[in-house]
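Okay, structure first, notes after.
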Amino acid sequence: EDQVTQSPEALRLQEGESSSLNCSYTVSGLRGLFWYRQDPGKGPEFLFTLYSAGEEKEKERLKATLTKKESFLHITAPKPEDSATYLCAAIANTGFQKLVFGTGTRLLVSP
Amino acid sequence: GAVVSQHPSRVICKSGTSVKIECRSLDFQATTMFWYRQFPKKSLMLMATSNEGSKATYEQGVEKDKFLINHASLTLSTLTVTSAHPEDSSFYICSARVLWGMNTEAFFGQGTRLTVV
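Residue numbers (the working numbering), protein chains in the order written: chain A, 14 to 124; chain B, 4 to 120.
So this is what it looks like as structure tokens:
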């Protein structure tokens with residue numbers, strides 16, 4: 014069964030304190046690994062899609078990387094406005110290609 | 004990125020009534036849309052996959068007659084919660100998939116907060 018696991022469940026950082034969020038996946042033939050940001054009461058906001066091991070993508074203070082078993086979302090010098098829940102999801106190359114979501118990491122960045 | 008518009012963002016209805024939620028892809032055609040439900044502090048739970056011009060595919064445990072899905076065009080899918088009850092109160096989110104050659108991206112609507120009183 015396809016699975017996506019995120020850690021930690023919650024993370025508190027001081028402004029400027031860099032860290033990484035982890036997403037481990039077990040998917041039959043990965044077609045894409047997605048990262049989203051979700052603010053309370055809002056739909057997920059698309060951040061990145063990664064397709065193959067070794068791939069990296071950056072956007073402002075965020076950088077996503079992918080290996081054959083996991084993905085990391087690195088946050089460099091975070092600001093309070095980066096506080097949100099970060100969701101990871103994977104699409105397998107089978108069936109209806111449904112997005113399989115992790116449970117998310119709630120990030121709180123304090124000033 | 005592509006824009007998915009979901010409406011309404013909030014709705015309050017009385018028990019026993021029906022509520023329709025719309026999901027539109029604004030600048031692209033979406034042959035497949037997905038409907039999710041999200042409980043507080045939980046991840047997204049896929050309810051059904053909506054295919055343009057055909058019947059939706061529901062996940063196990065989701066009542067087809069309770070959650071009616073219609074995908075009448077390439078830019079519009081609707082979810083109707085029929086005979087709503089307080090336990091149907093939740094956050095509902097739609098998503099559309101975009102294919103760029105071998106690449107795929109998935110965009111989400113803003114979500115609809117349904118409260119049944």
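We put the CB at the ideal spot given by N, CA and C, even for glycine.
Leaving out five residues on either side along the sequence, give the residues of the same chain with a beta carbon under 6 angstroms from the beta carbon of residue i.
i: Thr35/B; result: Asn54, Arg100
i: Asp15/A; result: Val40, Ala105, Val113
i: Asn73/B; result: Thr81
For residue i versus residue j, is the C-beta distance shorter than 8 angstroms?
i: Leu77/B; j: Gln9/B; result: no
i: Leu82/B; j: Ile15/B; result: no
i: Leu100/A; j: Leu34/A; result: no
i: Glu83/A; j: Ser37/A; result: yes
i: Tyr95/B; j: Arg27/B; result: no
i: Thr89/A; j: Ala23/A; result: no
i: Pro93/A; j: Glu28/A; result: yes
i: Ser12/B; j: Thr107/B; result: no
Once DSSP output is grouped into helix, strand and coil, what is the label at residue i?
i: Glu94/A; result: helix
i: Glu71/A; result: strand
i: Glu90/B; result: helix
i: Phe70/B; result: strand
i: Val6/B; result: coil
i: Glu28/A; result: coil
i: Tyr38/A; result: strand
i: Thr20/B; result: coil
i: Tyr49/A; result: strand
i: Val65/B; result: coil
i: Thr116/A; result: coil
i: Ala33/B; result: coil
i: Thr62/A; result: strand
i: Glu25/B; result: strand
i: Met105/B; result: coil
i: Gln113/B; result: coil
i: Glu83/A; result: strand
i: Gln110/A; result: coil
Can you list, in chain order, the residues of its chain with a C-beta nearer than 8 angstroms to that of residue i? Leave out the 5 residues immediately preceding and following it.
i: Lys69/B; result: Val84, Thr85, Ser86, Asp91
i: Arg50/A; result: Pro57, Glu58, Leu60, Ala97, Thr98, Tyr99, Leu100
i: Glu68/A; result: Thr78, Leu79
Select from the options the residue whose C-alpha is nearest the C-alpha of residue i.
i: Met50/B; options: Ser80/B, Val22/B, Ser57/B, Gly64/B; result: Gly64/B
i: Thr62/A; options: Phe110/B, Cys26/B, Pro89/B, Asn73/B; result: Phe110/B
i: Leu62/B; options: Trp38/B, Phe94/B, Arg13/B; result: Note that residue 62/B corresponds to Glu in the displayed sequence, not to Leu. Nearest of Trp38/B, Phe94/B, Arg13/B to Glu62/B, Cα basis: Trp38/B.
i: Val7/B; options: Leu117/B, Val119/B, Gly112/B; result: Gly112/B
i: Glu71/A; options: Asp52/A, Trp48/A, Gly29/A; result: Trp48/A
i: Trp103/B; options: Glu69/A, Lys55/A, Tyr64/A, Ile88/A; result: Tyr64/A
i: Ser46/B; options: Thr18/A, Gly29/A, Val122/A, Leu75/A; result: Thr18/A
i: Val119/B; options: Met105/B, Ser21/B, Leu29/B; result: Ser21/B
i: Gly45/A; options: Pro124/A, Lys81/A, Pro91/A; result: Lys81/A
i: Ala66/A; options: Leu43/A, Lys55/A, Gly54/A; result: Leu43/A
i: Ser80/B; options: Thr52/B, His88/B, Glu66/B, Ser93/B; result: Thr52/B
Does the ligand FMN have even one heavy atom less than 7 angstroms from the beta-carbon of residue i?
i: Leu63/A; result: Questions concerning the ligand FMN fall outside what the structure shown contains, since it holds no ligand whatsoever.
For residue i, which residues in the same chain have their Cβ closer than 7 angstroms to its Cβ, ignoring the five residues on either side in sequence?
i: Lys17/B; result: Val120
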